[in-house]
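There are 2 protein chains.
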Amino acid sequence: MSPRVEDGAAQRGRGRRPGGPDTRAAIVDAARSSFATKGYDKSSLRGIARDAGVDPALVHHYFEGKAALFAETMAVPVNPAEVIAHVIAGDRDRLGWRLVETFLAVWEPPERREAIVALARSSMSSEEAARMLREFLGREVFGRIAASTGAPDPQLRGALAASQMIGLVMARYVVRVPGLAEASPADLVEHLGPVLQGYLVDGPRRQE
Amino acid sequence: MSPRVEDGAAQRGRGRRPGGPDTRAAIVDAARSSFATKGYDKSSLRGIARDAGVDPALVHHYFEGKAALFAETMAVPVNPAEVIAHVIAGDRDRLGWRLVETFLAVWEPPERREAIVALARSSMSSEEAARMLREFLGREVFGRIAASTGAPDPQLRGALAASQMIGLVMARYVVRVPGLAEASPADLVEHLGPVLQGYLVDGPRRQE
Chain A
1 MSPRVEDGAA QRGRGRRPGG PDTRAAIVDA ARSSFATKGY DKSSLRGIAR
51 DAGVDPALVH HYFEGKAALF AETMAVPVNP AEVIAHVIAG DRDRLGWRLV
101 ETFLAVWEPP ERREAIVALA RSSMSSEEAA RMLREFLGRE VFGRIAASTG
151 APDPQLRGAL AASQMIGLVM ARYVVRVPGL AEASPADLVE HLGPVLQGYL
201 VDGPRRQE
Chain B
1 MSPRVEDGAA QRGRGRRPGG PDTRAAIVDA ARSSFATKGY DKSSLRGIAR
51 DAGVDPALVH HYFEGKAALF AETMAVPVNP AEVIAHVIAG DRDRLGWRLV
101 ETFLAVWEPP ERREAIVALA RSSMSSEEAA RMLREFLGRE VFGRIAASTG
151 APDPQLRGAL AASQMIGLVM ARYVVRVPGL AEASPADLVE HLGPVLQGYL
201 VDGPRRQE
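So the sequence lines, in the order shown, correspond to chains A and B. Residue 168 in the UniProt record's numbering sits at position 168 of the first sequence; the count goes up by one each step and never skips. Residue 205 in the UniProt record's numbering sits at position 205 of the second sequence; the count goes up by one each step and never skips.
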C-alpha cells in the first residue's frame with residue numbers, strides 16, 4: 001500500500017484548530033445527522049456548517065472534503081479520496097488486484113476488524129443507512145474507480161465490483177464463512193483480483 | 001428454473017396434519033429459538049421436538065429435514081435442499097451460470113424482494129444471526145455445491161461463491177447500488193455466471 005494512505009489517516013485533523021475539539025466534534029455530529037436524514041448526495045459542507053453553528057471555513061479547515069467528513073462519521077480510519085487515488089494510479093492491467101490489495105491493507109489490521117463489522121452492520125440496518133452507503137460508494141468509491149478505466153458502461157462495472165467487495169466484507173468479517181474467514185490476504189488477492197479486473201476492465205469471461 | 005423448485009415451495013406443509021396448525025407453529029417457534037441460541041449445526045430435530053413438546057415423528061411429518069425447517073423460520077419461500085439439488089444437477093461446465101439463474105428465479109419475483117431484504121438485514125444484525133447463516137450456508141448451500149464438482153479445495157471455492165452471492169443480495173436488494181439494482185437478470189447471469197463458474201470449478205483466471 002502506498003505511504004500516502006497511511007499519511008492521510010495520520011494527518012487528518014492535524015494543524016491549528018481555531019475552534020477547538022468541541023467545534024470539530026460539533027461538525028462531525030451535524031454531519032452524521034445530515035448524512036442520515038438527507039443522504040450523502042444532498043448533504044453539503046455549507047449546510048453542515050450551518051447546522052453546527054460554525055463558519056464554513058472551519059469545516060474546510062478540519063476536513064479535506066465531504067468524503068473525508070463522511071468517513072469520519074462512519075469511523076473509517078482512512079481518507080477515502082486518498083485510498084481511491086492510490087487504487088486508480090498505476091497500471092490499468094493490475095487495477096483489480098490493486099483494489100483488493102489496498103482494501104485489505106486498510107481493513108485487515110486486527111484493531112480494525114471490529115470497526116468494519118460495526119460499519120457493515122450499521123450500513124445494513126435501515127433504509128437511511130443503505131441510502132448513505134449507496135450514494136457514497138457510487139459517487140466516491142466505485143464510480144471513480146470504474147470511470148478511471150475508460151471502459152464502457154462504468155456504472156454497471158463499478159456496481160459489480162461493489163457487489164464483490166461488499167460480499168467480501170460480509171462473508172469474511174461479519175458472517176465469517178469458513179474457508180474465507182481464514183484465507184490469507186495473498187489467497188484473497190489471487191482469487192478476487194482477476195474477478196475485480198474482469199468486472200472493472202476486461203468484461204465477462206466468455207464460456208469456452 | 002426447474003418445476004421441482006416451485007413444487008417444493010407449494011408442497012411444504014400439505015397433507016394430513018395430525019397435530020393441527022398450532023402444533024406446526026409450535027415446532028417453528030421452537031426451531032427459531034434453537035437456531036438462534038445453539039446455531040444451525042448444534043440444533044437437532046429431536047431437540048426441537050422436545051422443546052415444542054411434540055413427538056419427533058411430527059417434526060418429520062411437517063418438514064423434510066433441518067434445512068427445510070430452518071428455511072421456514074427465516075421465511076425463505078423454497079426448500080433449500082431442492083433448489084441446491086437443481087443447481088448441482090446438470091452440466092458441470094454451466095454450474096456457475098445455473099447458480100445465478102436459479103437464485104434469481106427464486107428471489108426476483110417482486111413479492112419476494114421484501115423477504116430477502118428482511119432476511120439479509122436480520123442475518124447481519126447480531127453474532128447469533130451471523131452464526132446461523134454461516135453454518136447453514138456452509139453445510140446446506142455452498143458446501144454442497146462446491147463439493148459436487150470434485151474440484152480441489154471445496155471449502156474455499158464455496159466460500160468465494162458465497163461471498164459473491166451475499167454481495168449480490170446486499171448490493172442489488174439492500175443497498176440498491178445504481179447499475180446493479182436495475183440490471184436485468186440476463187445481464188446479471190452474463191456477468192456473474194462466469195465468475196461463479198471460476199470460483200466453483202475453473203479456478204482463478206491468470207493475468208495475461
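By construction, the Cβ of each residue, glycine as well, lies at the ideal position given by its N, Cα and C atoms.
Taking each of Asp93(B), Leu196(B), Val76(B), Gly96(B) in turn and checking the Cα distance to Ser123(B), the smallest one comes out for Val76(B). Going by DSSP, Pro185(A) is part of the alpha helix (DSSP H) stretching over 185–197.
For Tyr62(B), the enclosing alpha helix (DSSP H) stretches over residues 56–62.
The shortest C-alpha to C-alpha distance from His191(A) to any of Leu192(B), Arg92(B), Leu160(B) is the one to Leu160(B). Our two residues, Arg94(A) and Leu119(A), have alpha carbons roughly 28 angstroms apart in a direct line. In this structure, Ala146(B) lies near Pro154(B), with their beta-carbon atoms less than 7 angstroms apart. Interface residue (Cβ-Cβ distance to chain A less than 7 angstroms): Arg176(B) is classified as such.
Taking every protein chain shown into account, the CB of Lys42(B) has fewer than 16 other CB atoms within 10 angstroms, so this residue is exposed.
Selection Met132(A), Ser34(A), Glu82(A) evaluated against Ala68(A) yields Glu82(A) as nearest (Cα-Cα).
Burial is judged here by how many other beta carbons sit within 10 angstroms of a residue's own beta carbon; His60(B) has fewer than 16 and is exposed. In the structure shown, the three-state DSSP call for Ser43(B) is coil. Sixteen is the threshold: when 16 or more other Cβ atoms of the shown chains lie within 10 Å of the Cβ of Arg131(B), as they do, the residue is buried. For Ile166(A), at least one C-beta of chain B is nearer than 7 angstroms to its own C-beta.
With respect to the 7 angstroms criterion, Val28(A) and Thr102(A) are not classified as neighbours on the basis of their beta carbons. Shortest Cα-Cα distance from Val78(A) to any of Gly47(A), Ile166(A), Pro185(A), Ile116(A) involves Ile116(A).
Contact between Ala57(A) and Ala26(A) is absent: CB atoms are separated by about 15 angstroms, not below the 8 angstroms threshold. When secondary structure is reduced to three states using DSSP, Glu111(A) falls in the helix class.
By the neighbour-count criterion, in which a residue is buried when 16 or more other Cβ atoms sit within 10 angstroms of its Cβ, Pro21(A) is exposed. Our two residues, Thr23(B) and Pro109(B), have alpha carbons roughly 30 angstroms apart in a direct line.
Counting only the Cα atoms, Met170(A) lies some 33 angstroms from Tyr62(B).
About 44 angstroms separates the CB atoms of Gly193(B) and Val54(B); that is not less than 8 angstroms, and the two are not in contact.
One Cα belongs to Val87(A), the other to Ser148(A), and the distance between them is close to 10 angstroms. Leu168(A) places its beta carbon less than 7 angstroms from that of Ser163(B). With a beta-carbon spacing of about 31 angstroms, Val174(A) and Arg92(A) fall beyond the 8 angstroms limit used to define contacts.
Beyond the five residues adjoining it in sequence on each side, Val177(B) comes within less than 7 angstroms, by CB distance, of Ala171 in the same chain, given in chain order. Residues of chain A whose Cβ lies closer than 8 angstroms to the Cβ of Leu180(B) are, in chain order, Leu156, Ala159, Leu160, Ala162, Ser163.
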